[in-house]
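Engineer: Have a look at the structure that comes next, please.
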Amino acid sequence: MTMEEQARPGSDPAHPDISRQSPWRLLGRALLLRCPNCGHGGLFTGFFEMRERCPHCGILLARGEADYFIGAYTLNLIAVEILLALAFLAVVVATWPNPPWNALQYGGVVLSILGAVFCYPFAKTTWLAVDLIFRPPKREDFITRVK
Ligand SMILES: [Zn+2]
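My numbering runs 473 ahead of the 1-based position in the sequence shown.
This is the structure we're talking about:
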């Protein structure tokens, strides 16, 4: 290994899973509910339950942090807020000058609950992708940690 290779963060030719990847590739894989690191599926055991690590590349999906998915909750909240705002705007524009205010009010509640449930798995994989963009995977992300 040359000095240049050692100095480049996120690059380890001895471990093929450790490399800096395109942010768009990481996010695209996440939005397909695939592992942002390797692109393989099977990350979930149920709709809400994520495995501890990717079954293909072995990366720790919570990256060894107990409160890791607070970021996913935040992303989920942002996604649902955007979804609500777009739906509200679309209905108001389409029905102007007489928008159905009652339907918007109750529909907004229903949409926010359904949206939060539907977006949750996507928020989890997307949060992992965002984290991998800013903190590329290291060797420790593939090693089992003793709690
Ligand atoms: Zn993987």
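Backbone N, C-alpha and C define an ideal beta-carbon position, used for all residues, glycine too.
Please read all numbers here as calculations on a predicted model, not as lab measurements.
With a threshold of 7 Å, establish whether the CB of I532 neighbours any heavy atom of ligand 1.
Structural biologist: Locating residue 532 in the sequence shown gives position 59, where the first residue counts as 1. It does: the Cβ of I532 is within 7 Å (strictly closer) of some heavy atom of ligand 1.
Engineer: Are there 16 or more other CB atoms within 10 angstroms of the CB of N575, so buried, or fewer, so exposed?
Structural biologist: As a first step, residue 575 is located in the sequence shown; it is residue number 102 there, counting from the start. Counting Cβ neighbours within 10 Å, N575 comes out exposed, since fewer than 16 surround it.
Engineer: Quick check on DSSP: helix, strand or coil for F517?
Structural biologist: Residue 517 sits at position 44 when you count from the first residue of the sequence shown. Three-state result, F517: strand.
Engineer: Residues in its own chain within less than 6 Å of L533 by CB, not counting five upstream and five downstream?
Structural biologist: To locate residue 533, count along the sequence shown from 1; it is residue 60. So the list reads R526, D614, once near-sequence residues are dropped.
Engineer: Say the cut is 7 Å; is the CB of C527 nearer than that to a heavy atom of ligand 1?
Structural biologist: Counting from 1 along the sequence shown, the entry for residue 527 is found at position 54. Result yes, Cβ under 7 Å from ligand 1.
Engineer: Compute the Euclidean distance between the alpha carbons of N549 and P572, then round it to the nearest angstrom.
Structural biologist: Your numbering for residue 549 matches position 76 in the sequence shown. Your numbering for residue 572 matches position 99 in the sequence shown. Those two C-alpha atoms are separated by around 28 Å.
Engineer: Mind checking which residues open and close the alpha helix (DSSP H) that includes D614?
Structural biologist: To locate residue 614, count along the sequence shown from 1; it is residue 141. Element bounds for D614: n/a, residue is neither H nor E.
Engineer: Compare the C-alpha of G514 against each of E522, F520, F521, R502 and name the closest.
Structural biologist: Sequence index remark: in the sequence shown, residue 514 carries index 41 (1-based). G514 has its Cα closest to that of R502, out of E522, F520, F521, R502.
Engineer: Straight-line CA distance for C511 to G544?
Structural biologist: In the sequence shown, counting from the first residue as 1, residue 511 sits at position 38. In the sequence shown, counting from the first residue as 1, residue 544 sits at position 71. If you take the alpha carbons of C511 and G544, they lie about 21 Å apart.
Engineer: Rounded to the nearest angstrom, how far is the Cβ of E602 from that of P509, given a contact under 8 Å?
Structural biologist: Locating residue 602 in the sequence shown gives position 129, counting from the first residue. Locating residue 509 in the sequence shown gives position 36, counting from the first residue. With the sequence shown as reference, residue 602 is identified as Ala, and Glu is not the correct amino acid for it. Sure, about 4 Å apart at Cβ, within 8 Å.
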